[in-house]
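Student:
In the working numbering, the protein residues as written are -1 to 434.
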């Protein structure tokens, strides 16, 4: 039985012939491609009116070679651009990854410092003690000393706050400012958002009245410092009293605005900052203390402002009868007018029972008369309350008499009068808390 036919190994000459034939076919294809590219270019040149010489097959192929060479060069340029872009993108990615790796801890630490300042401010610096109490209670359940655990936790939190102030002061400061603003916004409704408008005829405050309010505020600040020092059984420094005077002056100057929360916050911040400056304590913690003073002063001011407004609103409008020992809105308004007269450097003199001022439509009787250096000066009409208005004859007196002064006192004024002293109490308690 015959076996399978053996395959003959191609001879050298047959392989060479195949190679030559393949090269020939490639040359034919190349020539065909050159002619096709040249003909396409020649047709395009003819259509656009360009002068291209391609009368013979050789010229046509030469033109095609030029076209194909240009296309190949363009492809190579695109390839180089893509490769360079990929390389640049890779380098940027590596750089971004490295930068992200380097700044991530910094961002985290700044974020933590910001959050710590924000929480401390919103909670009126009670977050750390509350957290320490909770942690100490847990430790107590596991056999540890509550007191020792609480002290250790508070010391650790204090050390962390100090580190944040020294290394991430801006982030923590921004957090404290935001938290303080939120805390004061939360306290403001205690006093009341709305401010009542004074009647249009109200005589504006003069510079001397503002100076008197500022001086009275300064005196109140010093008085509050004295009470604080006596209560703690130790004398204050000259810087303490100077700072208290500055803070009180700021609070007094803002009192006419009618918001005890604002006056109290400004007084608290100014007192703390001035005392630190006068006592040479502008260390890394001065900003924390300033913001704490603003929060406490504003919050206590809001509480005092609420009580003052409510008490004023609850008063009866008018009380008749000489034997009645009670304050009315009418009398309260007159008392505020006397204070205003004093602030203007004048004196209030009694009005005669039948003293009347003639106006075009009849006559009106003012509530008070003032005197300056022995000379009668102003006729004063005192009004109190949100609904108070001048009567017809009083409006005529306002328009016709040059020395007719109109005072309009509102419940918010009583609120400030009670809120600012209460802010001083809050500042004293804040000092005790910091010392403790």
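Ideal Cβ positions, reconstructed from N, Cα and C, are used throughout, including at glycine. All figures in this text were calculated on a predicted structure; none of them were measured in a lab.
Can you tell me which of 193, 258, 369 and 379 puts its alpha carbon nearest to the alpha carbon of residue 424?
Tutor: 258
Student: Just list the residues that DSSP pairs residue 360 with in beta bridges.
Tutor: 357
Student: So, using beta-carbon positions, are residue 435 and residue 426 closer together than 8 angstroms?
Tutor: Limits of the chain in this structure are -1 at one end and 434 at the other, which puts residue 435 out of reach.
Student: What is the rounded straight-line gap between the Cα of residue 283 and the Cα of residue 428?
Tutor: 15 angstroms
Student: Are residue 293 and residue 189 close, meaning C-beta to C-beta below 8 angstroms?
Tutor: no
Student: What does residue 384 pair with, by DSSP beta-bridge criteria?
Tutor: Answer is none; residue 384 lacks a bridge partner.
Student: Between the C-alpha atoms of residue 140 and residue 414, what's the straight-line distance to the nearest angstrom?
Tutor: 50 angstroms
Student: Beta-carbon separation of residue 244 and residue 269 under 8 angstroms?
Tutor: Cβ distance < 8 angstroms, so residue 244 and residue 269 count as in contact.
Student: Taking residue 399 and residue 355 to be in contact with their CB atoms under 8 angstroms, please state how far apart those CB atoms are, rounded to whole angstroms.
Tutor: With 8 angstroms as the limit, residue 399 and residue 355 qualify as a contact, their Cβ atoms being about 6 angstroms apart.
Student: Could you check the C-alpha separation between residue 373 and residue 347 for me, to the nearest Å?
Tutor: 11 angstroms
Student: Between residue 338 and residue 409, is the Cβ-Cβ spacing less than 8 angstroms?
Tutor: no
Student: Taking residue 180 as part of the alpha helix (DSSP H), name the residues at either end of that continuous run.
Tutor: 167 to 189
Student: By the 10 Å Cβ neighbour count, where 16 or more other Cβ atoms means buried, how is residue 108 classified, buried or exposed?
Tutor: buried
Student: Where does residue 104 land, buried or exposed, given buried means 16+ other C-beta within 10 angstroms?
Tutor: exposed
Student: With contact counted as at least three CB pairs below 8 angstroms, one residue from each stretch, are the region 163 to 178 and the region 136 to 153 in contact?
Tutor: Too few Cβ pairs lie closer than 8 angstroms, so no.
Student: In whole angstroms, give me the CA-to-CA distance for residue 153 and residue 159.
Tutor: 10 angstroms
Student: With 16 as the cutoff for other CB atoms within 10 Å, does residue 327 come out buried or exposed?
Tutor: buried
Student: Taking residue 418 as the reference, which of 88, 216, 236 and 77 has the closest Cα?
Tutor: Comparing Cα-Cα distances from residue 418 to each of 88, 216, 236 and 77, the minimum goes to 216.
Student: Less than 6 angstroms between C-beta atoms, sequence neighbours within five positions excluded: which residues of the same chain meet that for residue 248?
Tutor: Contacts found: 264, 265 and 268.
Student: As a quick exercise: from 300, 405 and 363, pick the residue whose alpha carbon is nearest that of residue 187.
Tutor: 300
Student: Does residue 164 pass the burial test, meaning 16 or more other C-beta atoms within 10 Å, or should it be called exposed?
Tutor: So residue 164 counts as exposed.
Student: When you compare each of 289, 313, 335 and 378 to residue 182 by their alpha carbons, which one comes out closest?
Tutor: 289
Student: My output table needs one value for residue 405: the three-state DSSP class, helix, strand or coil.
Tutor: In this structure, residue 405 counts as strand in the three-state DSSP scheme.
Student: Less than 8 angstroms between the CB atoms is what I'm expecting for residue 256 and residue 193, so what's the real figure, rounded?
Tutor: Contact annotation, residue 256 with residue 193: C-beta distance approximately 5 angstroms; criterion of less than 8 angstroms satisfied.
Student: Whole angstroms is fine: what's the gap from residue 262's alpha carbon to residue 382's?
Tutor: Going by the C-alpha atoms only, they are around 24 angstroms apart.
Student: Given that a residue counts as buried once 16 or more other Cβ atoms are within 10 Å of its Cβ, and exposed if not, what is residue 421?
Tutor: The residue in question, residue 421, is buried, as its Cβ has 16 or more Cβ neighbours within 10 Å.
Student: Would you mind working out which of 389, 384 and 407 sits nearest residue 359, comparing C-alpha positions?
Tutor: 389
Student: State the DSSP-derived secondary structure class of residue 390, mapped to helix, strand or coil.
Tutor: Under the three-state reduction of DSSP, residue 390 is assigned to helix.
Student: Enumerated in chain order, which unbroken segments of the beta strand (DSSP E) with a length of 3 residues or greater are wholly contained in the region 194 to 238?
Tutor: Listed in chain order, nothing qualifies, since the region 194 to 238 has no complete beta strand (DSSP E) run of 3 or more residues.
Student: My output table needs one value for residue 344: the three-state DSSP class, helix, strand or coil.
Tutor: coil
Student: Where does residue 416 land, buried or exposed, given buried means 16+ other C-beta within 10 angstroms?
Tutor: buried
Student: For residue 142, name the three-state secondary structure that DSSP assigns.
Tutor: coil
Student: Determine the burial state of residue 130: buried for a count of at least 16 other Cβ atoms within 10 Å of its Cβ, exposed for fewer.
Tutor: buried
Student: Keeping to the same chain, check which residues put their C-beta closer than 6 angstroms to that of residue 241; ignore five residues upstream and five downstream.
Tutor: 269, 272, 273 and 276
Student: Rounded to a whole number of angstroms, what is the C-alpha to C-alpha distance between residue 432 and residue 106?
Tutor: 29 angstroms
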